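Report on the following structure.
Protein chains in written order, with this note's numbering: chain A, 227 to 638; chain B, 227 to 638.
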């Protein structure tokens, strides 16, 4: 029976293209900032579609939307799908959106066949995953999971001085349900990979094991500003030459510990003038790995490199850990359902770790959770050029359906 | 007779402190931009002091001031001293100013004793050496030497849109003399070193052999922007890691060819975000050496390094030569006079090459020229903290006087 349930690839693609008009940009992307008029438009559309597919839609106090389709049993918490419909200012058509609309396609498939699941099935649209209009990111799912409270969310302010509270009231999406009150029994989030691994290996499905831990550092190297023409090489204290050694150390530390990644993305040179030897260089470090122990080891290697470069160059170097996000490990039972779902669909799959954070990181704190990845062209995301093929979107939706039904069997 | 002529250290220091009030800053520096009201005030003071010392002052069409003290012979061109009285926006009390006021102290010494030289002696205040208000630098001496024409100088515009022509008329320093028409038989310019060598070696006098040649390059390294979290180390095209290799190559190329200097002073990383792998890095290179042949060799080594890093990293790298200033070699006969002057004064001296450019670079094209350096604390210049001790200023002025008189002997 289960294997016969097939999502409708064309219906899914049509929904992706239809909703892409809410905030669509001339260059083929979407600018649909959270709680904007475009966000209201896509939310209204989403609510109507869910209701037409036999669901009851509940909105909570931070605008998270929950579309519930009853199952045979009312005594078990719903199996949830979903992601987010907000985008970056120059976002693409798939980041977050695919996870919501594929869930809607699953609901439509079940509804069209009159298929009764054991557990209720629920589709979620989380508010403000992107964090572009209101920082921080993953705000709606964070309030749901108790990471933030409602007052904190309400107090967030956009660049024009408008608060989250004012914005949510303005579009009429302040729901009556208290955040966290809508139960979730398990959560499956389909998402584009936002990286190049699946495409490079010709895999259609990423079976997501967890999300990397992240540690951020800030480094300031201090030497002595001086004239490039009149200061002999041997009398210089060139801060940039300390920075280059550490930038290369960051790369080497990550390369030596696969699948670690380590990156210096931001560099500021002072005074940044062609004929002045740099007196100070500031840069950021981003380390990621799925295990805290390896992150500890990378941090130790970084501090050792700092000490070595200090001794070698005589420069002053300050290195501070400024932020960390612990690794997330997804639920083995749900991961097994995704694996089974990919096999049943005959799709090439590989285990994968998510680099970016997702709503599922927070939901995982309060309910068994996992994610499904599909490829995106050249790994490009947060960009109007973001691209995933119709067959890849359909594959993701089919695995999502298969995984939900696999998990549902335990409630038979 | 010659050895008995001594400048007055206190009178020189008092002049330095008196004129430091024209544009003096609370932090002990000077902001005396060229052709400003402060520049007019110091020019008026300078003219009056020169006339009081028995000189005739001529101003040329770009504001260069020439104070002439007649000698025994009218048939030889004057032996000139001088430098500039304009400063950087947060300049110090010595850069340029010492060369002019030490020349004035020499004139006062000669005048006070009624000493008659063989050749006429002349003191010059060049307009707009700094180039801070009107680019380029060394504009007045450049017009004098025929490097630029008057129309070019007049057309220069400051940040407020005021032209050089408007500014010079506004302070009444458009002279009648055609630029280049005032003859110079030889030129001695005293200046602070603007570098750390003399101080480090405990030398009081730098016998300047010439000015380094300069070559500037611009490099753009292009890779691929990508998410730091989702892009494995082995699939990256990190432009910053190509840039660090070349920045270190610039250092190594200069270190291997003393007294070469090589510096990357300006670096721009794009998009310069903590969680984005750098897709593009732009940076400047400044190479200097006293010989063109060595600069050619450094350039060849740079292009070889670019090719090597291209192959090693697979990044695209564009490296363009954007500007060069040929080396300047000062006049052996004048250099010998400076050496003799330092010996006569019993001052520790060393031969030195100037890193920065000076008015003397242009004057050297039309008349025998050299320079005398004195130390400045920590090599710091173009800074309100610029500092040279009274004894060092006096030493420079004494060597200047001795060198002028040594050169004057040939006209006996």
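We treat Cβ as the ideally placed atom computed from N, Cα and C, and that holds for glycine. Every value quoted in this text rests on a predicted model; they were computed, and no experiment measured them.
Those residues of the segment 244 to 274 of chain B placed with their C-beta closer than 7 Å to a C-beta in chain A do not exist. Of the other Cβ atoms in all chains shown, 16 or more fall within 10 Å of the Cβ of residue 622/B; this residue is therefore buried. Boundaries of the beta strand (DSSP E) around residue 416/B: 412 to 418. Note: residue 494/A is bridge-paired with 508/A in the DSSP secondary-structure output.
A buried status is given to residue 471/A, since no fewer than 16 other beta-carbon atoms sit within 10 Å of its beta-carbon. In this structure, residue 411/A lies near residue 304/A, with their beta-carbon atoms less than 8 Å apart.
Using a CB distance below 7 Å, the part of the segment 501 to 530 of chain A facing chain B consists of 501, 502, 503, 504, 510, 512, 514, ordered along the chain. What residue 358/A touches in chain B, judged by beta-carbon distance under 8 Å, is nothing: the nearest beta carbon there is about 13 Å away. Linking residue 485/B to residue 513/B through their CA atoms gives a straight-line distance of about 11 Å. Residue pairing of residue 577/A in beta bridges, as defined by DSSP: 433/A. Residue 478/A carries a helical assignment under DSSP once its states are collapsed to helix, strand and coil.
Residue 313/A carries a coil assignment under DSSP once its states are collapsed to helix, strand and coil. Looking at the DSSP output, residue 333/B shares a beta bridge with no other residue.
Where residue 586/A is concerned, the enclosing alpha helix (DSSP H) starts and stops at 585 to 589. At least 8 Å separates the beta-carbon of residue 257/B from that of residue 330/B. Taking 9 Å as the Cβ-Cβ cut-off, the segment 455 to 485 of chain A approaches chain B at 455, 456, 457, 458, 459, 460, 461, 462, 464, 466, 467, 469, 470, 471, 473, 474, 477, 480, 481, 484, 485, given in chain order. Contact with chain B is found for residue 607/A, since one of that chain's Cβ atoms lies less than 8 Å from the residue's Cβ. Taken in chain order, the whole beta strand (DSSP E) runs of length 3 or more contained in the segment 587 to 633 of chain B are 595 to 600. For residue 339/A, the secondary structure class from DSSP, reduced to helix, strand or coil, is helix.
Chain B has a Cβ within less than 8 Å of the Cβ of residue 581/A. For residue 565/A, there is no enclosing beta strand (DSSP E); the residue is found in the alpha helix (DSSP H) stretching over 558 to 570. For residue 320/B and residue 616/B, the gap between their C-alpha atoms comes out near 11 Å. Annotation: residue 631/B to residue 466/A spans about 47 Å, alpha carbon to alpha carbon. In this structure, residue 421/B keeps its C-beta atom at 8 Å or more from the C-beta atom of residue 454/A.
One Cα belongs to residue 251/B, the other to residue 261/B, and the distance between them is close to 18 Å. Residue 286/B sits in a strand when the DSSP states are folded into three classes.
Close to residue 422/B, with beta-carbon spacing below 9 Å, are these residues of chain A in chain order: 452, 456, 457, 458, 461. Spanning the alpha carbons of residue 605/B and residue 435/A requires a straight line of approximately 58 Å. Under the DSSP definition of a beta bridge, residue 443/A partners with 511/A, 547/A.
Under the Cβ criterion of 8 Å, residue 499/B is counted among the residues facing chain A. When the beta-carbon positions are compared, residue 479/B and residue 528/B come within less than 8 Å of each other.
Put simply, the backbone Cα of residue 325/B is about 12 Å away from that of residue 624/B.
Residue pairing from DSSP leaves residue 421/B without any beta-bridge partner. Secondary structure note for residue 295/A: its beta strand (DSSP E) is the uninterrupted segment 291 to 295. Note that the C-beta distance between residue 452/B and residue 462/B is below 8 Å.
The beta carbon of residue 314/B does not come within 8 Å of any beta carbon belonging to chain A, so the residue lies off that interface.
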